Amino acid sequence: MSDPLATLQREHLRALEQYYAEVLTALGYDGVLIYSGHPALHFGDDQHASFCSYGHFQHWTGQAGLSHSWLLIRPGQRPICYFHAPNDFWHLPPQLPAQAWTEHFEVLTGRHDTPPKLGAGRFAVIGNVSDDDATALAAQRNPAALLSALDEGRVRKNEYEIVCLSEANRMAELGHRAAREAFLAGGSELDIHLAYLQASRQREGELPYGNIVGIGAHAAVLHYQHYDSEPPRSRPSLLVDAGHRFRGYCADITRTWPGAEADPLFADLIARMHDIKQRLVAAVAPGVDFVELHERMHRLLGELLVESELVTASAEAAVESGITRAFCPHGLGHLLGVQVHDVAGRTARDGTPLPPPAEHPALRLTRELEAGMTVTIEPGLYVIPMLLEPLESTPAGQHLNWALIERLAPHGGIRIEDNVSVTANAARNLTADIE
Ligand code: GLY
Ligand code: MN
Ligand code: MN
Numbered sequence: 008m009s010d011p012l013a014t015l016q017r018e019h020l021r022a023l024e025q026y027y028a029e030v031l032t033a034l035g036y037d038g039v040l041i042y043s044g045h046p047a048l049h050f051g052d053d054q055h056a057s058f059c060s061y062g063h064f065q066h067w068t069g070q071a072g073l074s075h076s077w078l079l080i081r082p083g084q085r086p087i088c089y090f091h092a093p094n095d096f097w098h099l100p101p102q103l104p105a106q107a108w109t110e111h112f113e114v115l116t117g118r119h120d121t122p123p124k125l126g127a128g129r130f131a132v133i134g135n136v137s138d139d140d141a142t143a144l145a146a147q148r149n150p151a152a153l154l155s156a157l158d159e160g161r162v163r164k165n166e167y168e169i170v171c172l173s174e175a176n177r178m179a180e181l182g183h184r185a186a187r188e189a190f191l192a193g194g195s196e197l198d199i200h201l202a203y204l205q206a207s208r209q210r211e212g213e214l215p216y217g218n219i220v221g222i223g224a225h226a227a228v229l230h231y232q233h234y235d236s237e238p239p240r241s242r243p244s245l246l247v248d249a250g251h252r253f254r255g256y257c258a259d260i261t262r263t264w265p266g267a268e269a270d271p272l273f274a275d276l277i278a279r280m281h282d283i284k285q286r287l288v289a290a291v292a293p294g295v296d297f298v299e300l301h302e303r304m305h306r307l308l309g310e311l312l313v314e315s316e317l318v319t320a321s322a323e324a325a326v327e328s329g330i331t332r333a334f335c336p337h338g339l340g341h342l343l344g345v346q347v348h349d350v351a352g353r354t355a356r357d358g359t360p361l362p363p364p365a366e367h368p369a370l371r372l373t374r375e376l377e378a379g380m381t382v383t384i385e386p387g388l389y390v391i392p393m394l395l396e397p398l399e400s401t402p403a404g405q406h407l408n409w410a411l412i413e414r415l416a417p418h419g420g421i422r423i424e425d426n427v428s429v430t431a432n433a434a435r436n437l438t439a440d441i442e
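Basically this note's numbering = 1-based index in the sequence shown + 7.
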C-alpha cells in the first residue's frame, strides 16, 4: 500500500530539485554542498552544546538532529547524502529513517567529519563550515545571492510541508493540554514543563525553542527562560509558549490560562484575546499586507484597553500615543517552517529588504501574504513595568488606569498564538482549540 506521506515527500523533493536546479543554473553554479553543522564544544570541556541542523539541510531531509553530514545537489544529477554514522562504541550511530528521502538520495553512510571531495566545476558550500573546510573545498562559502534565493524557496510551503506543520501542531496540542492540567493540579513551572514534554513525547533537546512556562508575573517576560521547581504561593495565571517538530517542521503555540485566584478582569481579557486572535486569523489571506495586519492588531488592542477601562483615552489615541506598544512590544507573528522564526520574513520576493516600520522594530514579517506561507498569529497584552512606568511622566500616562494595571500585574500577561497556513483564497488554522 502506498504511504500518502511518502508520496507527498517525493513530490516535495522533486519540487526542491527543480527549484535548486533553476537557482544554481541562473547563478552559474555546478552544484551546492549543504552542511548540516555540528554541535559546539563547551570551551575547555569535552561536553557539547545542544544542536540543531542547518535549515536548508532540514528542508531536504527533515533531520533536525543529524550532524557532520552533507548534501550535494547538482542540477540533473541524483542528489547525494553523506550520512555521518561512524562506527563508535561510545555512541549509537544515527540510523537512516524509513522515509522517502533516503531512496531519493544516493546515501553514503560512514564517517564524514571532513567534507567530501567535489569534482571539477564551480561549487558553493553553505552552512557553518570552518575556514579549513572551505579552503579544502575551494568552493564559495555562503554566497549571499544563493542564500537569499534558497531562503525564498522556503517561504511558500507545499502540501507535504503543511501536513508536517499540522502534525507538529497536533503533538504540541497534547503538551498544552497536559501543561494546563499540571498547572491546575498545583504544579510548579518545572512540573508543567515536564508534563508538556511527557504528553507531547519529546525530549527537551528536540524542542524547536525553549519552552516558555511562566506562572504569574513571569508571564510578562516575553521569552522567560527559567523553570521554578517550587510552586509559587500565588498562581493567578499561566502562560505556556511551546512547540514541537515533525520532520523538522515546527509548531509554535501559546496559551494563557487563568488560575483559581485570577482577577475576573484577567479571565475576561484572556477570553477577549482569543476573540482578537480569531478575528486576525480570519483576516489572513493572499494579498494581505502583514504590516497592516499587525497595525490592525494594535487597533484591536486599543479597543480592548478602552473597553476594559485600562485606558481612558480613545482606542485611536491609545495606538497613536504608543500605549498599545507598551502593552504589546512584539510583532503579530512570523513565518514558520523548519525554523520557528523562518527565513525571508523581511525580504521581498526579488530580494529587496523590507525593514519593519521604525515604531514596530520587533515585527519579523513585513511581506504581503501569499498562498502557502505559514505564519503565526500571536496577539498579546502584558504588564511590563519597564515599558509602562516611563509613560507615567508623559501625557499618555494620564490616560492609564494605574490602579487596574496594578491589579493585573501579578498575572503577568496574555499571549494567544496559533499557526495559520495561507490558502489560495483564505487561510487554514493548523492549531486546534485547546480546552
Ligand atoms: N516562541 C517564540 C515566538 O512565539 O515567536
Ligand atoms: Mn511565534
Ligand atoms: Mn511562540
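Here a beta-carbon is modelled for each residue, glycine too, at the ideal position from N, C-alpha and C. Note that the structure is a prediction, hence the values are computed from the model and not measured.
Closest by C-alpha distance to residue i, when choosing among the options
i              : options                        : result
threonine 354  : Leu370, Glu366, Val345, Leu339 : Leu370
leucine 23     : Asp158, His281, Gly340, Gln102 : Asp158
histidine 305  : Ser328, Leu153, Pro11, Pro293  : Ser328
alanine 226    : Pro265, Ser236, Ala33, Arg303  : Pro265
alanine 146    : Pro123, Tyr167, Ala156, Ser155 : Pro123
glycine 38     : Ile87, Ala151, His75           : Ile87
alanine 439    : His230, Ala152, Tyr234, Arg262 : Arg262
leucine 246    : Leu229, Thr373, Cys257         : Leu229
valine 114     : Trp67, Tyr26, Ser137           : Trp67
glycine 255    : Ala33, Cys59, Thr32            : Cys59
methionine 393 : Pro46, Ala416, His19           : Ala416
arginine 21    : Leu398, Asn165, Asn408, Gly182 : Asn165
proline 271    : Tyr27, Asp248, Ser244          : Ser244
leucine 153    : Leu34, Leu388, Ala324          : Leu34
As assigned by DSSP and simplified to three states, the class of residue i
i                : result
arginine 85      : coil
aspartate 198    : helix
threonine 359    : coil
histidine 55     : strand
aspartate 248    : strand
threonine 354    : strand
tryptophan 409   : helix
tyrosine 234     : coil
valine 382       : strand
glutamate 113    : strand
alanine 424      : The sequence given here has glutamate at residue 424, not alanine. Three-state result, glutamate 424: strand.
histidine 19     : helix
leucine 272      : helix
valine 228       : coil
aspartate 440    : coil
phenylalanine 90 : strand
Beta carbon of residue i nearer than 8 angstroms to that of residue j
i              : j              : result
valine 298     : leucine 342    : no
histidine 91   : histidine 119  : yes
isoleucine 169 : asparagine 149 : no
tyrosine 203   : asparagine 135 : no
leucine 214    : glycine 160    : no
alanine 206    : arginine 187   : no
alanine 179    : alanine 258    : yes
alanine 143    : valine 30      : no
Cβ-based neighbour list, residue i, same chain, cut-off 7 angstroms, excluding 5 preceding and 5 following
i             : result
histidine 281 : Ile423
glycine 217   : Gln232
leucine 437   : Leu172, Ser173, Asn176, Asn426, Val427, Ser428
alanine 403   : Ser328, Gly329, Ile330
glutamate 310 : Ala322
Nonlocal neighbours in the same chain, by C-beta distance under 8 angstroms from residue i, ignoring five residues either side
i             : result
valine 291    : Leu300, Leu376, Val382, Ile384, Val427, Val429, Ala433, Ala434
proline 386   : Met280, Ile283, Lys284, Leu287, Met304, Leu307, Leu308, Cys335, Leu339, Arg422, Ile423
threonine 116 : Phe90, Ala92, Leu103
Below-8 angstroms beta-carbon distance, residue i vs any chain C residue
i          : result
valine 220 : The displayed structure is made up of one protein chain only, and chain C is not part of it.
Own chain residues within Cβ distance below 6 angstroms of residue i, not counting five before or after
i             : result
glutamate 196 : Val220, Ile222, Tyr234, Asp235
alanine 351   : Asp158, Glu159, Val162
serine 57     : Gly212
alanine 431   : Ala378
Residues proximal to ligand 2 by C-beta, any heavy atom closer than 7 angstroms: Output, sorted by chain position: Asp259, Gly340, His341, Val347, Thr383, Glu385, Glu424.
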